[in-house]
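Notes to accompany the following structure.
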Amino acid sequence: GEDVEQSLFLSVREGDSSVINCTYTDSSSTYLYWYKQEPGAGLQLLTYIFSNMDMKQDQRLTVLLNKKDKHLSLRIADTQTGDSAIYFCAERAEYGNKLVFGAGTILRVKS
Amino acid sequence: NAGVTQTPKFQVLKTGQSMTLQCAQDMNHNSMYWYRQDPGMGLRLIYYSASEGTTDKGEVPNGYNVSRLNKREFSLRLESAAPSQTSVYFCASSEGPRVRYEQYFGPGTRLTVT
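See below:
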């Protein structure tokens, strides 16, 4: 079945780069997403990548996809204290109605 | 636009009590979803409604019922609450059920069942 795994915690210093990793099992996944959840709030879509892409860059965010290894990463350049949040990786098949989420990675940014 | 709104924000129930979680969206979206979020786990889909008038089970539907009241509103009902239903519940909506449509999430309802 579908499964998405992420490391649970990452701590970085302000100004450093953060890299959050995710692995997934469903080879039919068409879209892969990164969501951000701040304390007490709902999930906010940060970025997504289509499965026929290797990389997507959006300002400070870079998404890398290794489809062969089913590995997805999110790199945040020049990490700020406002980036402290939980980051969720999610996958979705082309004709599926549901998103399958990982457990989330807590990013803590130290000033 | 308020986006996706949920009420209540917090709720404490005793085992066996019933309640309905409300969700509304003002984006004229066709599809709506209910998820639960538990510590150390990702969000899991409870029920979804691909369009007005239809509802389907998700990954964890047992103990819940839903009603798509109209295009704007999608409610989640717990008929007889159990401690295992202690969780944070998120409603989401999207323009359509296809994968290219982004899901927008509400702020969540934190439910505790004692």
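Chains A and B supply the protein sequences, listed in that same order. Here the numbering used here is used: the first sequence runs in plain steps of one and ends on residue 121. Here the numbering used here is used: the second sequence runs in plain steps of one and ends on residue 126. Where a beta carbon is used, it is the ideal one built from N, C-alpha and C, also for glycine. The structure presented is a predicted model; accordingly, all values stated were derived computationally and were not measured.
Contact with chain A by residue i, beta-carbon distance below 8 Å
i	result
GLY75(B)	no
GLU85(B)	no
TYR60(B)	yes
PHE102(B)	yes
Contact list for residue i against chain B, beta-carbon separation under 8 Å
i	result
ALA95(A)	What ALA95(A) touches in chain B: nothing, since even the nearest Cβ is about 14 Å away.
Interface partners of residue i on chain A, CB under 7 Å
i	result
MET53(B)	ALA113
LEU57(B)	LYS108
Residue i - containing beta strand (DSSP E), residue span
i	result
GLU15(A)	14-16
GLN115(B)	Careful: GLN115(B) lies outside any beta strand (DSSP E) and carries neither H nor E.
MET31(B)	31-37
GLN54(A)	53-60
ASN31(A)	28-34
ARG70(A)	Looking at the DSSP string, ARG70(A) is not in any beta strand (DSSP E), and its letter there is neither H nor E.
GLN23(B)	22-25
SER79(B)	77-80
VAL16(B)	16-19
For residue i: DSSP bridge partner residues
i	result
ASN76(A)	HIS81(A)
SER61(B)	MET44(B)
THR121(B)	TYR101(B)
ARG102(A)	TYR41(A)
VAL22(A)	VAL119(A)
THR89(A)	THR89(A) is not bridged to any residue.
GLU85(B)	ALA36(B)
ASP64(A)	Partner(s): none; ASP64(A) has no beta bridge.
SER92(B)	For SER92(B), which the question treats as bridged, DSSP gives no partner whatsoever.
SER106(B)	SER43(B)
LEU55(B)	GLN49(B)
Closer than 8 Å to chain B by CB, residue i
i	result
GLY92(A)	no
PHE19(A)	no
ALA87(A)	no
Interface residues of chain A facing residue i [CB-CB closer than 9 Å]
i	result
GLU71(B)	LYS108 and VAL110
Contacts that residue i makes with chain B (C-beta to C-beta distance below 7 Å)
i	result
VAL14(A)	GLY54
GLY3(A)	The first residue shown for chain A is 11 and the last is 121, placing residue 3(A) beyond what the model contains.
Cross-chain neighbours of residue i in chain B, by beta carbon under 9 Å
i	result
LEU55(A)	GLU114, GLN115, TYR116 and PHE117
Proximal residues, the region 110-124 of chain B versus chain A, C-beta separation under 7 Å: Those residues of the region 110-124 of chain B that come within reach of chain A (Cβ to Cβ, closer than 7 Å) are VAL111, GLU114, GLN115, PHE117, GLY118, PRO119 and GLY120.
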